[in-house]
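Participant: Below is one structure. I have some questions about it.
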Amino acid sequence: MKIKLQQYFSTKWPAIIWSVIVFILLVIPPAALGSERKIEIVQLDKVIHFFLFGIVAALWTFYIRQRQNHFLYYLLIFICTSIYGIATEYVQDWVGRDFDVWDMFADAAGAFVFVSWVGIKRRPR
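When we follow our numbering, the leftmost residue of the sequence shown carries the number 1, and every step to the right adds one.
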């Protein structure tokens with residue numbers, strides 16, 4: 001089971017699928033979300049952004065790590081994930097959701113932490 005899971009995560013499909021899911025979640029129009037908030041926790045959206053984009057970056061790092069263990073690839077994943085986070089903020093503004101610069105920082109922070117963690121923790125021997 002563990003080998004099959006590792007083989008699955010070494011493909012690009014988990015990263016592509018999760019990237020699409022994140023995009024869909026972040027661009028759902030506010031009317032579809034409803035106006036009622038169940039839990040009001042200050043800055044919870046930053047934590048959510050941190051993990052959503054951290055997982056995007058981690059999945060791409062898992063995929064790249066199987067092919068190359070090179071710092072520049074990890075840096076490129078971090079940069080691309082950060083740009084993806086910035087782009088989704090602009091799309092959110094366009095569909096009528098909140099545009100927040102601090103969400104961009106949370107996206108980039110999540111990408112940095114997860115790329116670093118996966119790149120260091122699972123370094124091929």
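Even for Gly, the Cβ is constructed at its ideal location relative to N, Cα and C.
1. Would P14 pass as a contact of V95 if the rule is Cβ separation under 7 Å?
2. Which value, in whole angstroms, describes the spacing of the CA atoms of A31 and S10?
3. For S82, which residues from the same chain have a beta carbon less than 6 Å from its beta carbon, with the 5 sequence-adjacent residues on both sides left out?
4. To the nearest angstrom, how far is it from the Cα of Y74 to the Cα of Y63?
5. Please list the terminal residues of the continuous alpha helix (DSSP H) segment that includes K12.
6. Could you pull out every unbroken alpha helix (DSSP H) segment of at least 4 residues lying fully inside the stretch 37-107, listed in chain order?
7. Specify the secondary structure class of I28 as computed by DSSP and reduced to three states.
8. In whole angstroms, give me the CA-to-CA distance for A57 and F71.
9. Rounded to whole angstroms, what's the CA-CA distance from K46 to I120? Just pull it up for me.
Facilitator: The relevant details are as follows:
1. Your numbering for residue 14 matches position 14 in the sequence shown. Your numbering for residue 95 matches position 95 in the sequence shown. Going by C-beta atoms, P14 is not nearer than 7 Å to V95.
2. Working through the sequence shown from its first residue, we reach residue 31 at position 31. Working through the sequence shown from its first residue, we reach residue 10 at position 10. So the alpha carbons of these two residues sit roughly 38 Å apart.
3. The residue you call residue 82 lines up with position 82 of the sequence shown. Within the same chain, S82 has close Cβ partners A108 and A111.
4. Numbered from 1 along the sequence shown, position 74 holds the residue referred to as residue 74. Numbered from 1 along the sequence shown, position 63 holds the residue referred to as residue 63. Going from the Cα of Y74 to the Cα of Y63 covers about 11 Å.
5. One-based indexing of the sequence shown puts residue 12 at position 12. Note, K12: premise wrong, no alpha helix (DSSP H); not H, not E.
6. 44-65 and 71-94
7. Reading the sequence shown from its first residue, position 28 is the one you call residue 28. The answer is coil: DSSP assigns I28 none of H, G, I, E or B.
8. As a working mapping, residue 57 is identified with position 57 in the sequence shown. As a working mapping, residue 71 is identified with position 71 in the sequence shown. Answer to the nearest angstrom: the Cα atoms are 14 Å apart.
9. Your numbering for residue 46 matches position 46 in the sequence shown. Your numbering for residue 120 matches position 120 in the sequence shown. Approximately 25 Å between the Cα atoms of the pair.
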